[in-house]
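Colleague: In the working numbering, the protein residues as written are 558 to 1220.
For every residue, glycine included, the Cβ atom is placed at its ideal position computed from N, Cα and C.
Since we're looking at a predicted model, the values are computed, not measured.
Here it is, the structure in full.
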């Protein structure tokens, strides 16, 4: 979220459109970042953690109004012990915002329905009356909260079915058509649509909307799927094996009680003499709302989504509400104090087992003996150490990147790099140092990251000895491999803790180029050069890295283009080093693994092209030109350049390489 936030703070055009989804999570980060001017992990995550806690309070209020206090307490505890919510509360991402805002939307729908319906909320029967919820403001607020949640992520759409159910069941389908009620919900739709159009209106008209389309297509796919096995494995990892069984047992019992009726079920148990009073039962409406809140997203991610990831956690709120309904029904059925104490004790024991799994999983600083004891109590496959959570979504992992950024700032590191870390992570912490997969100066290898990229040909071992090690808590977390470092020399050790505060205070400012994640393919700083090739494309500028200007070495070049026409891969880049290619060429444009030599162009949509310039092993010392051109292979010729720069045979003399210069 930080890099798009940088784009917003720097007023980069279309900064939010490169995000590929709603802007809410970015704007939350922008508020703090813009006011303070610096950002740390803790300050970035704090708003989302608070949203998660507020969401728990909100679900308690919703459940209390629908179920009464026992059911509300159980539902809130079930969600508080849901490992997905714990994980997402520690991330600067949208999940906590969607959780809070959808709960608020349904809370408003419940308040409106509660003022209209008969027998909906046992916990608040006394306050039903004039002014308790009759206001049309409740539907409008529900629409506003649901739309704002959708501005965080599309998962917010799953709040609409329970809201619609509450709207219909408040006074029945006919009651929904009453003028006052109908106008309230029409106003809610209008307010929600207006909020969505503030962002999605311009976004739908932008060519960058294809980023959102690609994201949705990758997530949904084509045809039906069966993701149940993968989702169960994910759920048992994030929440323990005990938690899903506990919740499903409560849901199964509650379903039986809802279908058969409390009295019928009680008649077949030892507590049949403690039948509840008619007004003590949680209403069937509440169970149905919870069922819809749970079942709709679950069915979507089981059968329709191609890659559910962790998105199906949105079903957890309805699932917890169903569990709370069961506890409320049991509490009203079990009038005897001993039975209630036994029920509370069993539930507490189950919660303790779940907690025994969650504590060491999410608080890995727990001392070893305590962790071993909790692992024994968990009755589930505990993680043995941190290695099993590395790379899992929702588990922040410290690899010591702040030390790398500070070492660059101090000049102790200098030059291009490649890494197995995500591009956004490396860009933020290195403060935009050039990352290149082809012959970089450094390889930064973080232990246990998501990608575990192994550089080509095992060169890390063969040509890049370890020059330094970054430690976190005394444990090695990131290895710095440097080209040409001396073998047999003890690598330097850099404790991340010694650099973290300086990085947060001095390097986390908003002056960093946000990269392709916040401003698109054209950087904020480059060497401009106006050169037009035929009527097809204009060269806007370039960046050049001269760190390895020696015979047999390489230099890195990034070119920035603005197509004037649309082309389906009919043009190619010509790149040459030296007037006659005797010095070398740029025939291997492999600096970016995903950058082809020819590509589809869209008129008016700029793009970047990265390449390496390989210097011949017998290249003589001296200054040698870098020549750039555009060919049209089908026509068999180069496009004629129009520029004030020198040209040679249809190639523009862009810059030079000083072979023999110090690296």
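(1) Where DSSP assigns a beta bridge to residue 1085, which residues make up the other side?
(2) Please tell me whether residue 1075 and residue 563 are closer than 7 Å, where the distance is taken between their beta carbons.
(3) Grouping DSSP H, G and I as helix and E and B as strand, with all else coil, what is residue 950?
(4) DSSP state of residue 558, grouped into three classes?
(5) Please name the residue, chosen from 860, 801 and 817, that lies closest to residue 777 on a Cα-to-Cα basis.
(6) Where are the beta strand (DSSP E) runs, 3 residues long or more, that stay fully inside the region 733-772, in chain order?
(7) Near residue 853, which residues of its chain fall below 7 Å by C-beta distance, leaving aside the five closest residues on each side in sequence?
(8) Per DSSP, residue 1264 forms a beta bridge with which residues?
(9) Can the beta-carbon of residue 723 be found closer than 7 Å to that of residue 662?
(10) Please state if the CB of residue 653 and the CB of residue 608 are separated by a distance shorter than 7 Å.
(11) Excluding five sequence neighbours on each side, which residues of the same chain lie with their C-beta closer than 8 Å to the C-beta of residue 1028?
(12) Whole angstroms are fine: how far does the CA of residue 862 sit from the CA of residue 1152?
(13) Using a threshold of 7 Å, state whether the C-beta atoms of residue 1216 and residue 1133 are closer than that.
(14) Starting from residue 671 and walking both ways along the alpha helix (DSSP H), at which residues does that stretch end?
(15) Between which residues of its own chain and residue 960 is the CB-CB distance below 6 Å, once the five residues before and five after are set aside?
(16) Got a sec, what are the start and stop residues for the alpha helix (DSSP H) residue 1213 sits in?
(17) Tell me whether residue 1187 sits in a helix, a strand or coil according to DSSP, three-state version.
(18) CB-CB under 7 Å to residue 847, same chain, minus the five flanking residues each way: which ones, in chain order?
(19) Quick one: what's got a C-beta closer than 6 Å to residue 950's C-beta in the same chain, skipping five residues either side?
(20) Whose CA, out of 748, 667, 706 and 572, lies closest to the CA of residue 725?
(21) Residues in the same chain with beta-carbon distance under 6 Å from residue 991, minus the five sequence neighbours each way, listed in chain order, please.
(22) For residue 1150, does the three-state DSSP call read helix, strand or coil?
(23) Does the separation of the CB atoms of residue 655 and residue 612 fall below 7 Å?
(24) Grab the span of the beta strand (DSSP E) containing residue 1115 for me, first residue to last.
(25) Looking only at DSSP bridge pairs, what is residue 1179 linked to?
(26) Do residue 1129 and residue 1190 have their C-beta atoms closer together than 7 Å?
(27) For a quick check, are the C-beta atoms of residue 981 and residue 1059 less than 7 Å apart?
(28) Whose C-alpha, out of 765, 908, 569 and 1090, is nearest the C-alpha of residue 1162?
(29) Which same chain residues end up closer than 7 Å to residue 712 when comparing Cβ atoms and leaving out the 5 residues on each side of it in sequence?
(30) Which whole-angstrom value is the C-beta distance of residue 999 and residue 970, which I expect to be below 8 Å?
(31) Can you tell which of 895, 779, 844 and 1214 has its C-alpha closest to the C-alpha of residue 810?
(32) I need the boundaries of the alpha helix (DSSP H) containing residue 1069, first residue and last residue.
(33) I'd like the list of long-range same chain contacts for residue 635, defined as Cβ closer than 6 Å, with 5 residues on each side in sequence excluded.
(34) Can you give the Cα-Cα distance for residue 633 and residue 885, rounded to whole angstroms?
(35) Can you check whether the CB of residue 602 is closer than 7 Å to the CB of residue 1225?
(36) Leaving aside the five residues before and after residue 1098 along the sequence, list all residues of the same chain whose C-beta is less than 7 Å from its C-beta, in chain order.
Modeller: In brief:
(1) The partner list for residue 1085 (beta bridge, DSSP) reads 1098.
(2) Taking 7 Å as the Cβ cut-off, residue 1075 and residue 563 qualify as a contacting pair.
(3) Coil at residue 950, not helix or strand.
(4) Of the three classes helix, strand and coil, the one that applies to residue 558 here is coil, per DSSP.
(5) Selected option, being the one with the closest Cα: 860.
(6) Counting whole runs of 3 or more residues, the region 733-772 contains no beta strand (DSSP E) stretch at all.
(7) Around residue 853: 715 and 718.
(8) Since the first residue shown for the chain is 558 and the last is 1220, residue 1264 is missing from the structure and cannot be characterised.
(9) With contacts defined by Cβ atoms closer than 7 Å, residue 723 and residue 662 do not form a contacting pair.
(10) Contact annotation: residue 608 and residue 653 have beta-carbon atoms nearer than 7 Å.
(11) So the list reads 957, 1034, 1050, 1051, 1052 and 1053, once near-sequence residues are dropped.
(12) Low per-residue confidence applies at residue 1152: pLDDT is 39, beneath 50, and the placement is therefore not dependable enough to give any value.
(13) For residue 1216 and residue 1133, no; Cβs fall outside 7 Å.
(14) Segment 652-673, the alpha helix (DSSP H) holding residue 671.
(15) Once the five neighbours on either side are set aside, the close Cβ partners of residue 960 are 1027, 1051, 1053 and 1056.
(16) Membership of residue 1213 in any alpha helix (DSSP H) is not indicated; the residue belongs instead to the beta strand (DSSP E) covering 1208-1216.
(17) Under the three-state reduction of DSSP, residue 1187 is assigned to strand.
(18) Hits under 7 Å: 875, 878, 879 and 882.
(19) Within the same chain, 867 come within 6 Å of residue 950 by CB-CB distance, once the 5 residues on both sides are set aside.
(20) Residue nearest to residue 725 within the set 748, 667, 706 and 572 is 667 (criterion: CA-CA distance).
(21) For residue 991, where only same-chain residues beyond five positions count, the Cβ hits under 6 Å are 973 and 1102.
(22) Because residue 1150 carries a pLDDT of 37, less than 50, the predicted location of this residue cannot be relied on, and the following value inherits that uncertainty. In this structure, residue 1150 counts as coil in the three-state DSSP scheme.
(23) Not in contact: residue 655 and residue 612 (Cβ atoms no closer than 7 Å).
(24) Boundaries of the beta strand (DSSP E) harbouring residue 1115: 1111-1120, taken from the DSSP string.
(25) Answer by DSSP bridge pairing, in chain order: 1216.
(26) A contact, by the Cβ cut-off of 7 Å.
(27) No, these two residues do not count as a Cβ contact at 7 Å.
(28) Minimum Cα distance to residue 1162 is reached at 765.
(29) Hits under 7 Å: 655, 868 and 871.
(30) The distance from the Cβ of residue 999 to that of residue 970 is about 7 Å, consistent with a contact at the 8 Å cut-off.
(31) Nearest of 895, 779, 844 and 1214 to residue 810, Cα basis: 844.
(32) Element bounds for residue 1069: n/a, residue is neither H nor E.
(33) Contacts found: 877 and 880.
(34) In a straight line, the C-alpha of residue 633 is about 13 Å away from that of residue 885.
(35) The structure shown does not extend to residue 1225, since the chain is modelled only from 558 to 1220, so the question has no answer here.
(36) The beta carbon of residue 1098 is closer than 7 Å to those of 1083, 1084, 1085, 1086 and 1117 in its chain, skipping five residues each way along the sequence.
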